[in-house]
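Going by full-length UniProt numbering, the first residue of the sequence shown is number 1, and it counts up by one from there. Built from N, CA and C at the ideal position, the CB exists for glycine as well. Computed from a prediction, not measured in an experiment: that's the story for all the values here. Step one of this worksheet: look at the structure below.
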Amino acid sequence: MPALIASAIAAVWIVAIAIVSVQNATLVSLQFLGFQSIQLPLGIVLALSAATGAIGGAIGLSVAGNASDRGDRRLR
Numbered sequence: 001m002p003a004l005i006a007s008a009i010a011a012v013w014i015v016a017i018a019i020v021s022v023q024n025a026t027l028v029s030l031q032f033l034g035f036q037s038i039q040l041p042l043g044i045v046l047a048l049s050a051a052t053g054a055i056g057g058a059i060g061l062s063v064a065g066n067a068s069d070r071g072d073r074r075l076r
């Protein structure tokens with residue numbers, strides 16, 4: 001059941017990103033700490049941000065799961 005809910009949430013996000021990217025094809029550039037990226041379409045930026053967050057979350061869950069397997073109480 002949790003896998004079904006996670007899949008449904010991911011599908012909703014993918015559809016939302018697709019709709020926003022089709023409606024907003026303007027070029028954007030990100031600026032962070034004085035650095036500026038190249039100009040990319042908004043949909044690409046949103047998709048890359050979502051993918052980075054999903055990968056980061058998966059790595060974080062994996063690290064937290066490994067720490068709890070070892071009995072490490074710091075990450076709980």
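Around the Cβ of L46, are there at least 16 other Cβ atoms within 10 angstroms (buried) or fewer (exposed)? Per the 10 Å Cβ criterion, buried.
Can you name the start and end residues of the alpha helix (DSSP H) that L4 belongs to? Under the DSSP assignment, L4 falls in the alpha helix (DSSP H) whose first and last residues are 2-23.
Bridge partners - L30, DSSP secondary structure assignment: Looking at the DSSP assignment, L30 forms no beta bridge with any residue, so it has no partner.
Would you grab the beta carbon distance between L30 and S37 for me? Rounded to a whole angstrom, and I think it's under 8 Å. Right, their Cβ atoms sit about 4 Å apart.
In whole angstroms, what is the alpha-carbon distance linking V22 and G43? So the alpha carbons of these two residues sit roughly 7 Å apart.
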